[in-house]
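Right, one structure below, let's go through it.
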Amino acid sequence: MRFSVFLKTMILKPQLQDLKNIGYYSGKIIIGISLTMLVPMVIGLLFAEINPALDFLIAAEIALLISLILTKLCFTEKDLNWMQGMVVVSLSWLAAMLLAAIPLYLSGHWGSYLDACFDTMSGFTTTGLTLVQDLDHISYAHNLWRHFTPFLGGQGIIIIAISLFMKGRSGAFKMYVGEARDERLLPNVIHTSRFIWLMSITYLILSTLVLGIIGIAIGMKPVNAFFHGACIFMAAFDTAGFAPQSQNILYYHSLVIEVITIVIMLLGAMNFNLHYRIWTGDRREMWKNIETRTLCITVLLTFLIVIIGLNQVGSYPRALIMFRKGFYQLISGHTTTGFMTIYARQFIDEWGNLALLGLICAMALGGGACSTAGGIKMLRIGVIAEALKQDVKRIILPERAVVEQRMHHLKEIYLEDKQVRASLLITISYLVLYGIGTLMGMFYGYSFLDSLFESTSAAANVGLSCGITVPSMPAGLKLTYIVQMWAGRLEFMSVFTLIGFFIAAIKGK
Amino acid sequence: MKSAIILIFFCGAICYAHQISSIELINNAREYDGKNVVYVGEAVGDVMTRGDFAWVNINDGENAIGVWLSKELAGEIKFTGSYHAQGDHLEITGVFRRNCIQHGGDMDIHAQGIRKISPGRIVSDELDTSKRNFVFIFLAILCLVLIFVRRQRSR
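Residue numbers (this note's numbering), protein chains in the order written: chain A, 38 to 546; chain B, 31 to 185.
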């Protein structure tokens, strides 16, 4: 049967009720986005930044207008089904990108609206690749917004809406899952969302205080120290990699800042469930969990590759310096943060192919599932490794032997084929996504390794750059990376559903 | 005699150094490693004092590079670039380090001298009237839509 015939016979054309549900819930989420813009607006007013405050007021008004029209035209009291929930999620992320880009574009620090969209998608997806120009002269309001987008996107744009506007509907859970969060901390998804926000805000306050005090100690003005502290926390915990100044973390020239950001990056790459267990006193889970164990092993292995590679090239004069630079970039890459203490060009000129490959592997693997990190995720790598172990046992042991593989993730789990299948499918999807971006990079004339590095960084929501991501890069490549960041963050399912929805609208019965 | 020799050596070093952009330095870091360079740019962010020395980041329009200088030299910097200010435009003369051993492998310049090419200034944030007008236009539309929605609900 041809694919088109299959589509025509199998796919139902979306009905008016589908569109109403999608429109109504998307409108609700856009209200949340418009309200968040009031935060940088207030900051702008506090710092006497009149025009930046107006930028945010204009954007908030436009967002509110769209949300009012959508919620009015599409008003419904019906709950979402799975397809609608997934479509709402993927569309809301696109709407968030387009609306959040308005104040950035109005600031004049982005060369085009596409560049501003690139940065907001990069922010919401906690990637950290940026096309901003003259960052060192940007307003506090715009700079805060740059760092606020990962804070919103990392915890989840949908989670904001669920926390604020949803009242115990099953549709909330469908949207929660659509945002690549299939694990609940608490039985109720609304309580889960609220806990995630409570935890994040607590960490935000504590870290801002600590980073602010350190900032003053290293010679920064108090206002800047606390502002940078808040921004750096949001970028580190949400594994985004934006920084308030153009030199990223290199700006501070401080080992203490590097150490603290490593700790925050690791916290950000941890499963929210693990945070919950630690918060509720179950610290042993941290060491028993398959994700923690897998992360330790992959960090060790990839760091070994990086160190051997750096040693081969001999770029760093002392072992301690090689360790400091190598380890920082590796943790930044592995947790999919993207903080840098070297210049982008140094990856190409001074790291050598082997060290770069080690870093690319770390970026591709990513952080914990149900965290703010991107990439394939430690849980899936752990599941695949356990499945491999099980298959090897099956070969070695007698044919009649019953081989069961157990692993610990929050509880003891017996490995099932459906888990392995799901993990492998998502892993393959990521690998294909990394490959597509690499091909596009090469199509535009960049070398294989440079293209692979940047593509993996975009699709795994990392943000490290070897120098391809600059305002002058081709528009086609900007669009490619936007799609990669979006699909990578949502872990494909809701993106596939959106594509299916459009195909059904055109070809369905 | 000793100080005269140092002075001659220092002047000679300055004479042989030539002005280099950040892109040139970053892209050819091995070539310039340990050499005297002249780097021109705007002081941005904070002047971060560390004991008798200070860090200041100098942006030449493409990239910013960290400059390590004595507290006295840092004292000459009055304005640093931000949203509200244009920083002092400085000419830095010093030794470029690709992976500075003293500073944990950072790429930096150890300044021997600075010259203020042009002083910085406060930049005033004047109201953009077109933005203000857009705010009012959208506010008016928003109010109209809200009134329409309320009327529909009351029916």
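The beta-carbon is built from N, C-alpha and C at its ideal position, and this holds for glycine as well.
Spatial neighbours of residue i in its chain, beta-carbon cut-off 8 Å, leaving aside the 5 residues before and after
i       : result
L56(A)  : C111
Q54(A)  : T113, K115
F485(A) : T475, M479
M522(A) : M158, S159, T162, T164, L166, A495, A496, N498
H114(B) : I152, V153, D155
Three-state class that DSSP yields for residue i in the structure shown
i       : result
E72(B)  : strand
G42(B)  : Here the model assigns G42(B) a pLDDT of 48, short of 50, so the residue's position is not dependable, and the following value carries that caveat. Three-state DSSP puts G42(B) in a helix.
L312(A) : Note on identity: in this sequence residue 312(A) is His, with Leu being the wrong assignment. Correct three-state label for H312(A): helix.
Q49(B)  : strand
E449(A) : strand
V67(B)  : strand
M444(A) : strand
M479(A) : helix
N87(B)  : strand
V124(A) : helix
Q142(B) : strand
G64(A)  : helix
G500(A) : coil
V532(A) : helix
I251(A) : helix
F40(A)  : In this predicted model, F40(A) has a pLDDT of only 45, less than 50, meaning its place in the structure is not dependable; the value taken from the coordinates is given anyway. Here F40(A) sits in helix by DSSP.
Y188(A) : For the sequence presented, residue 188(A) should be read as Phe rather than Tyr. Helix, per DSSP.
S184(B) : helix
M307(A) : coil
G256(A) : coil
V520(A) : helix
G124(B) : strand
I152(B) : strand
S230(A) : helix
I540(A) : helix
Q116(B) : strand
Whether residue i touches residue j by CB criterion (9 Å)
i       : j       : result
M236(A) : V125(A) : no
M179(A) : P77(A)  : Correcting the residue type first, residue 179(A) is His in the shown sequence and not Met. Yes, these two residues count as a Cβ contact at 9 Å.
T164(A) : M158(A) : yes
M384(A) : G190(A) : With the sequence shown as reference, residue 384(A) is identified as Phe, and Met is not the correct amino acid for it. No; because the gap between Cβ atoms is not below 9 Å, this pair is not in contact.
A277(A) : G375(A) : yes
S21(A)  : F309(A) : Residue 21(A) lies beyond the stretch modelled for chain A, which goes from 38 to 546, so this question has no answer here.
D92(A)  : K161(B) : yes
Y177(A) : E86(A)  : yes
N89(B)  : G124(B) : no
W388(A) : V429(A) : no
6 Å Cβ shell around residue i - same chain, five flanking residues per side excluded
i       : result
F538(A) : V124
C130(B) : D136, D138
G60(A)  : L107, C111
Y365(A) : E295, T378
M415(A) : E328, T331, L332, G405
V507(A) : none
F40(B)  : Only weak support is given to the placement of F40(B): the predicted model assigns it a pLDDT of 49, under 50, and the question is left unresolved by the model.
I543(A) : none
F188(A) : M271, D275
Proximal residues of chain B, C-beta to C-beta of residue i below 7 Å
i       : result
R183(A) : In chain order: nothing, as chain B lies at least about 13 Å away.
P354(A) : N129, I131
N58(A)  : The premise fails here: N58(A) is roughly 19 Å from chain B at the closest Cβ pair, so nothing lies under 7 Å.
Inter-residue CB distance, residue i and residue j (contact presumed, cutoff 8 Å)
i       : j       : result
F126(B) : V165(B) : Going by Cβ atoms, the distance from F126(B) to V165(B) rounds to 48 Å, so no, they are not a contact pair.
E106(B) : I147(B) : Between I147(B) and E106(B) the Cβ distance is about 12 Å, and since that is not below 8 Å, they are no contact.
A399(A) : G419(A) : In fact, because the Cβ distance is near 16 Å, the residues do not count as touching under 8 Å.
T245(A) : F270(A) : 6 Å
I67(A)  : L136(A) : 7 Å
V300(A) : I251(A) : Incorrect: roughly 12 Å between the Cβ atoms, too far for contact.
I473(A) : F155(A) : 17 Å between Cβ atoms; not a contact.
I56(B)  : Y380(A) : 5 Å
Cross-chain neighbours of residue i in chain A, by beta carbon under 9 Å
i       : result
V125(B) : What V125(B) touches in chain A: nothing, since even the nearest Cβ is about 15 Å away.
L169(B) : L94, E98
L120(B) : What L120(B) touches in chain A: nothing, since even the nearest Cβ is about 14 Å away.
Residues that residue i contacts on chain A, provided the C-beta gap is smaller than 8 Å
i       : result
L176(B) : L105
D76(B)  : G256, M257, K258, N261
L172(B) : E98, L101, L102, L105
Per-residue contacts from residue i into chain B (C-beta, under 8 Å)
i       : result
I175(A) : Y113
Y380(A) : I56, N93, M137
Neighbour list for residue i in chain A, Cβ cutoff strictly below 7 Å
i       : result
L103(B) : In chain order: nothing, as chain A lies at least about 15 Å away.
Spatial neighbours of residue i in its chain, beta-carbon cut-off 7 Å, leaving aside the 5 residues before and after
i       : result
R181(B) : none
Amino acids of chain B, ordered along the chain, whose beta-carbon sits closer than 9 Å to that of residue i
i       : result
A137(A) : Simply none; closest approach about 16 Å.
E86(A)  : Y113, H114, D155
Residues in the region 132 to 163 of chain B having any Cβ partner in chain E nearer than 7 Å: Among the protein chains in the structure shown, which are A and B, there is no chain E.
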